[in-house]
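Asks:
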Amino acid sequence: MAITNKVAIILKPKVVTEFSTVLPNLTNWLIRRKVDVYFEKSQESRILKIFKNSQPENFNFINRDDIAKKCKILITLGGDGTLIGAVRSKDIKKVNIFGINMGNLGFIAEFAKHDFYEGLEMALKGKLKTRKVQIYQAEITRPGHKKIKLNFMNDAVITKSGISRMFNLELEANGESIYNLAGDGLIVSTPIGSTAYSLAANGPILHPSVKGVVLTPICPHALTHRPMVLPDNETLSIIIPRGQEDIYLTIDGQKEFKLEPKDEIQIKKSRSSHVNFYINEERNYFRTLKEKFKYGRR
-1 MAITNKVAII
9 LKPKVVTEFS
19 TVLPNLTNWL
29 IRRKVDVYFE
39 KSQESRILKI
49 FKNSQPENFN
59 FINRDDIAKK
69 CKILITLGGD
79 GTLIGAVRSK
89 DIKKVNIFGI
99 NMGNLGFIAE
109 FAKHDFYEGL
119 EMALKGKLKT
129 RKVQIYQAEI
139 TRPGHKKIKL
149 NFMNDAVITK
159 SGISRMFNLE
169 LEANGESIYN
179 LAGDGLIVST
189 PIGSTAYSLA
199 ANGPILHPSV
209 KGVVLTPICP
219 HALTHRPMVL
229 PDNETLSIII
239 PRGQEDIYLT
249 IDGQKEFKLE
259 PKDEIQIKKS
269 RSSHVNFYIN
279 EERNYFRTLK
289 EKFKYGRR
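Residue -1 is where the sequence shown starts when you use this note's numbering, and the numbers rise one by one after that.
Below is the structure:
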């Protein structure tokens, strides 16, 4: 019997035609190893349709925030977005995440859809290594309101909605002014997220072991406002000045929060939150950069 006998599976929200074969094969593979399989309750009708309305034994539905209570392994079937969304689940640090990439990019999801069973077997037996990834927090302070705390793994982005127009932000680190930014927005990226939106905006690539965050201005008015790397033990403060309207904070490209003048957003490491990813030992960071981004090619 497997050492781990309770596993949860989270699917990409959008339809993926290959789920009709990959999901039943994976589920039956787990059940043959006497593993109880858990799916999100919100996806019950969709899952049953994939299984043609037949529910195998050892097959359960629970709320996403209950996954950490039941399971030690969480499998994500989708891409990086599916995995990033799963990271916001309650008590996620208690679970080891096995990311299976169903698409083409899959920079964070370690395992390919056609070649993951050997790694999963090792994970079930407790023989597959994991790496710990820091989660960061955006804390919004608004006069007269309770603080709002939003966790993120990739990036926190401040932009203006509607017609693209320049706006202003005040940036501080540990209470000291960095600069007042005028531009189309700001990306605050973690090392994991430095190869995403920030890279497209000409930000630097940070190796995952670097303890820092990247500040990448989006189309700044002043050419001297370049991307900057700050140590992650500092508290970054972003203040929305008076007169700025229709400003939004987007977390990991998935959650949006409308900001108001005089709001202050503090970004720092989440003290109690991290996530554990299983490592595909056949991959390494620089090889993945070359494969996924054609990094270093002429």
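C-beta atoms are modelled at their ideal positions from N, C-alpha and C, and glycine is treated no differently.
Hey, could you find the ends of the alpha helix (DSSP H) Met120 is sitting in?
Replies: Counting along the chain, the alpha helix (DSSP H) containing Met120 begins and ends at 115 to 122.
Asks: Taking C-beta to C-beta, are Ile82 and Glu55 nearer than 8 Å?
Replies: Cβ atoms of Ile82 and Glu55: not closer than 8 Å.
Asks: Tell me the DSSP bridge mates of Phe150?
Replies: In the DSSP output, where bridge partners are listed per residue, Phe150 has Tyr134.
Asks: Measuring straight from C-alpha to C-alpha, what distance separates Ile60 and Phe49?
Replies: Cα-Cα distance, rounded: 17 Å.
Asks: Once you ignore the five residues that flank Glu42 on each side, which residues in its own chain have a CB closer than 8 Å to its CB?
Replies: Once the five neighbours on either side are set aside, the close Cβ partners of Glu42 are Phe59.
Asks: DSSP state of Arg269, grouped into three classes?
Replies: Three-state result, Arg269: strand.
Asks: Measuring alpha carbon to alpha carbon, tell me which of His219, Met100, Asn152, Leu167 ends up nearest Gly241.
Replies: Of His219, Met100, Asn152, Leu167, the residue nearest in Cα terms is Leu167.
Asks: Per DSSP, Lys4 forms a beta bridge with which residues?
Replies: According to DSSP, which records beta bridges pairwise, Lys4 is partnered with Asp34.
Asks: Cβ of Glu232 within 8 Å of Cβ of Ala180?
Replies: Not closer than 8 Å, so no.
Asks: What first and last residue would you give for the beta strand (DSSP E) that runs through Thr214?
Replies: Run containing Thr214: 210 to 216, per the beta strand (DSSP E) assignment.
Asks: Please tell me whether Ile106 and Ile190 are closer than 8 Å, where the distance is taken between their beta carbons.
Replies: Against a cut-off of 8 Å, the Cβ pair of Ile190 and Ile106 comes out as a contact.
Asks: Measure from the alpha carbon of Lys142 to the alpha carbon of each residue in Ile8, Asp261, Ala6, Glu289, then state which is nearest.
Replies: Per the sequence shown, the amino acid found at residue 142 is Gly instead of Lys. Gly142 has its Cα closest to that of Asp261, out of Ile8, Asp261, Ala6, Glu289.
Asks: Indicate whether the contact test is met: 3 or more Cβ pairs, each with one atom in the segment 61 to 72 and one in the segment 127 to 145, closer than 8 Å.
Replies: Cβ pair count under 8 Å is below three, so no.
Asks: Could you tell me the boundaries of the beta strand (DSSP E) in which Thr248 lies?
Replies: First-last of the beta strand (DSSP E) with Thr248: 245 to 249.
Asks: Starting from Glu258, trace the alpha helix (DSSP H) in both directions and tell me its first and last residue.
Replies: Glu258 -> no alpha helix (DSSP H), and no H or E assigned at all.
Asks: Whole angstroms are fine: how far does the CA of Gly101 sit from the CA of Val131?
Replies: The alpha-carbon atoms of Val131 and Gly101 are separated by roughly 23 Å.
Asks: Given a cut-off of 8 Å on the beta-carbon distance, is the pair Glu108 and Ile277 in contact?
Replies: Yes, the pair counts as a contact, with Cβ atoms nearer than the cut-off.
Asks: Use the C-beta contact count for Met164: other C-beta atoms within 10 angstroms, 16 or more gives buried, fewer gives exposed.
Replies: It counts as exposed.
Asks: Expressed to the nearest angstrom, what Euclidean distance is found between the alpha-carbon atoms of Met(-1) and Lys267?
Replies: At Met(-1) the pLDDT is 47, less than 50, meaning the model places this residue with poor confidence; the figure from the coordinates comes in the next sentence. Going by the C-alpha atoms only, they are around 39 Å apart.
Asks: Mind checking which residues open and close the alpha helix (DSSP H) that includes Val186?
Replies: Element bounds for Val186: not the alpha helix (DSSP H) but the beta strand (DSSP E), 183 to 187.
Asks: Could you spell out the range, first to last residue, of the alpha helix (DSSP H) harbouring Glu289?
Replies: Counting along the chain, the alpha helix (DSSP H) containing Glu289 begins and ends at 283 to 291.
Asks: Sorted by chain position, which residues of the same chain lie with C-beta nearer than 6 Å to Ile95's C-beta, five sequence neighbours on each side aside?
Replies: Contacts found: Leu72, Phe275.
Asks: Go to Val85, then tell me how far its alpha helix (DSSP H) extends in each direction, as first and last residue.
Replies: Looking at the DSSP string, the run of the alpha helix (DSSP H) that includes Val85 is 78 to 85.
Asks: For Met(-1), does the three-state DSSP call read helix, strand or coil?
Replies: Caution is warranted here: a pLDDT of 47 is assigned to Met(-1), below 50, making its placement in the model unreliable, and the coordinate value is therefore given only provisionally. Coil, per DSSP.
Asks: Of the residues Met226, Lys158, Pro218, which one's Cα is nearest the Cα of Gly201?
Replies: Per the Cα distances, Met226.
Asks: Please report the Cβ distance between Thr157 and Ile216, rounded to the nearest whole angstrom; I am assuming they are in contact, meaning their Cβ atoms lie under 8 Å.
Replies: That pair is a contact at about 7 Å.
Asks: Alpha carbons only, please: which of Ile65, Asp113, Thr2, Asp78 is nearest the one belonging to Ser87?
Replies: Considering only alpha carbons, the answer is Ile65.
Asks: Rounded C-beta distance between Val211 and Lys91? I'm assuming under 8 Å.
Replies: Actually they are not in contact, since the Cβ atoms of Val211 and Lys91 sit about 20 Å apart, beyond 8 Å.
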